[in-house]
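Remarks on the structure that follows.
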Amino acid sequence: MPSVQPLSYSSYRTYLECPLRWKYLYVDRLPEVPRGYFTFGRVIHSVLEELVRPLVVPTARRVSEAESQRTLDDWQTSLPPTRPGWMTRAEMLEVYDRAWLSDGYGSPDEEARYRAMGRDLLGRYYDHLVRERPQPVAVEEHLEARWDGIPIHGYIDRIDRTPAGGLEIVDYKTSRELSHEDARDSDQLSLYQVLVQQNYVEPVEGLTLYHLRSLKPLRARPREPTALTVLHDRLGTVSDGIRAEAFEPTPGRHCARCDFRSRCPEFRAVPAENEAALRGLVDRLETLRAEEGKIDLELKRTAADLHRAAEELGVHRVPGTHRVAVRRREETWQYSLDAVRPLLERSGLADRLGAGGPEEIRRIVRDPAVDPEVRRRLAEAGARRVKWYWELDEPNGDG
Ligand code: SF4
Numbered sequence: 000m001p002s003v004q005p006l007s008y009s010s011y012r013t014y015l016e017c018p019l020r021w022k023y024l025y026v027d028r029l030p031e032v033p034r035g036y037f038t039f040g041r042v043i044h045s046v047l048e049e050l051v052r053p054l055v056v057p058t059a060r061r062v063s064e065a066e067s068q069r070t071l072d073d074w075q076t077s078l079p080p081t082r083p084g085w086m087t088r089a090e091m092l093e094v095y096d097r098a099w100l101s102d103g104y105g106s107p108d109e110e111a112r113y114r115a116m117g118r119d120l121l122g123r124y125y126d127h128l129v130r131e132r133p134q135p136v137a138v139e140e141h142l143e144a145r146w147d148g149i150p151i152h153g154y155i156d157r158i159d160r161t162p163a164g165g166l167e168i169v170d171y172k173t174s175r176e177l178s179h180e181d182a183r184d185s186d187q188l189s190l191y192q193v194l195v196q197q198n199y200v201e202p203v204e205g206l207t208l209y210h211l212r213s214l215k216p217l218r219a220r221p222r223e224p225t226a227l228t229v230l231h232d233r234l235g236t237v238s239d240g241i242r243a244e245a246f247e248p249t250p251g252r253h254c255a256r257c258d259f260r261s262r263c264p265e266f267r268a269v270p271a272e273n274e275a276a277l278r279g280l281v282d283r284l285e286t287l288r289a290e291e292g293k294i295d296l297e298l299k300r301t302a303a304d305l306h307r308a309a310e311e312l313g314v315h316r317v318p319g320t321h322r323v324a325v326r327r328r329e330e331t332w333q334y335s336l337d338a339v340r341p342l343l344e345r346s347g348l349a350d351r352l353g354a355g356g357p358e359e360i361r362r363i364v365r366d367p368a369v370d371p372e373v374r375r376r377l378a379e380a381g382a383r384r385v386k387w388y389w390e391l392d393e394p395n396g397d398g
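The sequence shown maps to residues 0 to 398 in numbering that gives the first Met the number 0.
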């Protein structure tokens, strides 16, 4: 059994979606085809890291270290208020140009569109940063922890000091759409909360997905312990699955963007020499399924026609050429427990209700020792369902 490496958010999410894809990525280390939007996200993150890092004043206390020597006042003095001392806008855009990667774009046009969008987005973010300077205590910080036996880790885009002296976790997003629900429900932010809680002394006071395209911080409150327990259970399931080497393919819509379809058993092609024989079986299956549906429908219609005729004639046995059709009756009762229970309680019969099934109630209705008025009212609380069906018997059978 493999030892489970610390789980990151993306490793956890990949396993939940498809354990086999997880194996291809994390055990077999197969490369994925680069995609433009991922490349774009990486480039923007690296520029933001360079841009914001000079603002960092590491005043938050790490659990493992002695108290930091720096104080909140360091922010007030470390940067001039009018011009950010870390990088000019032009310098930032130079960093962007140097960091640019062309991997994964579908066409030069698409790459050019993304590149222009990145310049615009970074320019607007820069202005925003000048206006509302954050107080980061860390950027792109790699944190590890053992969460009740489960090793976890993650890279956190930014950890800010809040006005009250706590910590706010910020995760940048370059995606098109993002809502407050995303921030509220994000397992990624929950995992980061645990990582920060276990590594820092100061409390986590906020969780933020920062939507870069709109410059909107989508804020959520720190998770309650019960919500974290749910995540811990899911991480435990993932961790157990990895340890047990449970790597079954789990197909779904996500297969459309999986790079391993050619080797996945779910999508493996039938060898050419078996194709004809198997095609014949599939076609036969299709035909039989269609006939099965038709036969079922016709069976119901014929039984209903026979039932109507037998009702009119008042007969229960109808001879055919070889067999005799015998009409059978099945009766079931249904009771509303809301009506039955108070009646039985008032009559001192509550202990006879048992699991409250119709058979238990019918037994009370039929019991001559029970007050007739109670039995009558119980019977009224029930609804009788009668179902007729046909059996085929031998001509001389006794039915
Ligand atoms: S193609 Fe689908 S089922 Fe197969 S590994 Fe990829 S995600 Fe899993």
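Idealized CB from N, CA, C, for every residue including glycine.
Query: For aspartate 159, the first and last residue of its enclosing beta strand (DSSP E); Result: 149-160
Query: Beta-carbon gap between glycine 117 and threonine 38 smaller than 8 Å; Result: no
Query: Tyrosine 388 burial status per 10 Å Cβ neighbour count (16 or more: buried); Result: exposed
Query: Threonine 286 - DSSP class collapsed to helix/strand/coil; Result: helix
Query: Which listed residue (Asp337, Pro135, Arg326) has its alpha carbon closest to that of glutamate 390; Result: Arg326
Query: Arginine 20: CB within 7 Å of a non-hydrogen atom of ligand 1; Result: yes
Query: Alpha carbon of leucine 166 to alpha carbon of glutamate 176, nearest angstrom; Result: 26 Å
Query: Close Cβ partners of valine 94 (< 6 Å) along its chain, the five nearest in sequence each way excluded; Result: Val46, Glu49
Query: Beta-carbon proximity list for tryptophan 99, same chain, < 7 Å, skipping 5 on both sides; Result: Val42, Arg114
Query: Pair within 8 Å by beta-carbon distance, glycine 35 and glycine 105; Result: yes
Query: Distance between beta carbons of leucine 19 and proline 248, contact taken as under 8 Å; Result: 4 Å
Query: Given 8 Å, three or more beta-carbon pairs between the stretch 210-218 and the stretch 233-253; Result: no
Query: Other residues of its chain near valine 193: CB distance less than 6 Å, five sequence neighbours each side excluded; Result: Trp146
Query: Contacts around arginine 52, its chain only, beta-carbon distance under 6 Å, and the 5 residues preceding and following it disregarded; Result: Val138
Query: Cβ pair arginine 132, leucine 190 closer than 8 Å; Result: no
Query: One or two residues paired with alanine 303 in a DSSP bridge; Result: For alanine 303, which the question treats as bridged, DSSP gives no partner whatsoever.
Query: Contact set for isoleucine 151: own chain, Cβ-Cβ below 8 Å, skip 5 residues either direction; Result: Pro5, Leu6, Ser7, Glu143, Ala144, Arg145, Leu190, Val193, Leu194, Leu234
Query: Closer than 7 Å: phenylalanine 266 CB and nearest ligand 1 heavy atom; Result: yes
Query: DSSP beta-bridge partners of glutamate 329; Result: Lys386
Query: heavy atom of ligand 1 below 7 Å from phenylalanine 246 C-beta; Result: no
Query: Burial state of glutamine 333 (16 or more Cβ within 10 Å); Result: exposed
Query: Any 3 or more C-beta pairs closer than 8 Å across the stretch 282-295 and the stretch 340-357; Result: no
Query: 8 Å Cβ cutoff met for arginine 374 and threonine 331; Result: no
Query: Cβ-based burial, alanine 219 [other Cβ within 10 Å; buried from 16]; Result: buried
Query: DSSP three-state assignment for tyrosine 321, whether helix, strand or coil; Result: Here residue 321 is histidine; the residue named in the question, tyrosine, does not match the sequence. Looking at histidine 321 - three-state DSSP - the assignment turns out to be coil, as it is neither helix nor strand.
Query: Valine 339 versus Arg300, Glu379, Val26, Glu110, residue with shortest Cα-Cα distance; Result: Glu379
Query: Beta-carbon contacts of arginine 88 that lie in its chain and below 6 Å, excluding the five residues immediately before and after; Result: Tyr125
Query: Span of the alpha helix (DSSP H) around histidine 127; Result: 107-130
Query: Beta-carbon gap between aspartate 170 and tyrosine 209 smaller than 8 Å; Result: yes
Query: Where the beta strand (DSSP E) containing tryptophan 146 begins and where it ends; Result: 135-146
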